[in-house]
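Contents: one structure, followed by commentary.
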Amino acid sequence: MIKLDSVSKTFGTGVTGLDDITFAVEKGEFVFLVGPTGAGKSTLFRLMIRDVLPTKGSILIGDYDVVKLPSHKIPHLRKKVGVVFQDLKLLLDRTIHENISLPLQVAGLTSSEAMKKVDEIMKQVGILEHRDKFPIQLSGGELQRTAIARALILSPDILLADSAYFIS
Ligand SMILES: Nc1ncnc2c1ncn2[C@@H]1O[C@H](COP(=O)(O)OP(=O)(O)O)[C@@H](O)[C@H]1O
Ligand SMILES: [Mg+2]
């Protein structure tokens with residue numbers, strides 16, 4: 399389902415983020431990727447959602463050939479891949495409920511049924527009581543749960559979680 403073949407990424411600065419990475423992850427597998435700061439973990443995630451292009455190599459995510467994917471299909475890929483970013487990327491001027499519903503709104507799904515799903519997922523990750531609060535009012539772990547809920551709201555096939563302190 400995820401297949402990287404000889405992937406390298408050298409940034410414009412000349413820094414090599416990744417050097418010749420090959421691996422595959424099958425459907426249903428749960429994989430941990432560990433490595434020191436600067437090893438290339440975040441770069442790998444950015445490559446998998448076409449946030450950056452590799453210098454060489456191929457990246458297959460489900461049915462998507464990520465490197466060859468035309469730009470207008472990038473949103474399709476990103477619907478299939480939920481991401482919890484290392485810095486969470488929550489919007490500080492939106493409530494927790496609004497943050498989690500954002501991907502639904504971007505996808506044009508704003509029916510009351512879709513909004514019910516936001517409450518369901520908040521309940522699942524244990525933050526329903528914080529529904530109408532703002533990010534600054536929550537603990538670190540609660541914010542991580544918010545980011546996880548947002549990553550899951552479109553029922554992606556793949557969840558990528560990039561974090562140095564994921565257990566809370
Ligand atoms: N946008 C960028 N421009 C230049 N160098 C970068 C960029 N992003 C990451 N790097 C460099 O690539 C290497 C891998 O970074 P990164 O993937 O963020 O590591 P990790 O997430 O494992 O800590 C580091 O040396 C980092 O400084
Ligand atoms: Mg990182």
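Just add 398 to wherever you are in the sequence shown, counting from 1, and you've got the working numbering. All C-beta atoms, glycine included, are put in the ideal place defined by N, C-alpha and C. These numbers were taken from a predicted model, which means no experiment stands behind them.
Check: How about Pro452 and Leu445: are their beta carbons less than 7 Å apart?; Outcome: yes
Check: Is any non-hydrogen atom of ligand 1 found closer than 6 Å to the C-beta of Lys487, if you look at the structure I gave you?; Outcome: no
Check: How big is the Cα-Cα spacing for Arg529 and Asp418?; Outcome: 44 Å
Check: Quick test of your reading: Val523 and Ala547, contact by CB under 8 Å. State the CB separation rounded to the nearest angstrom.; Outcome: 5 Å
Check: Check whether the Cβ of Ser440 lies closer than 6 Å to any heavy atom of ligand 1, and answer yes or no.; Outcome: yes
Check: Can you tell me whether Phe564 is helix, strand or coil according to DSSP?; Outcome: Any answer about Phe564 is weak, because its pLDDT of 46 lies below 50 and its placement is not dependable; what the coordinates show is given next. It is coil, neither helix nor strand.
Check: Return the first residue and the last residue of the alpha helix (DSSP H) that Glu550 is part of.; Outcome: At residue 550 the sequence reads Leu, which differs from the Glu that was named. Residues Gly538 to Leu550.
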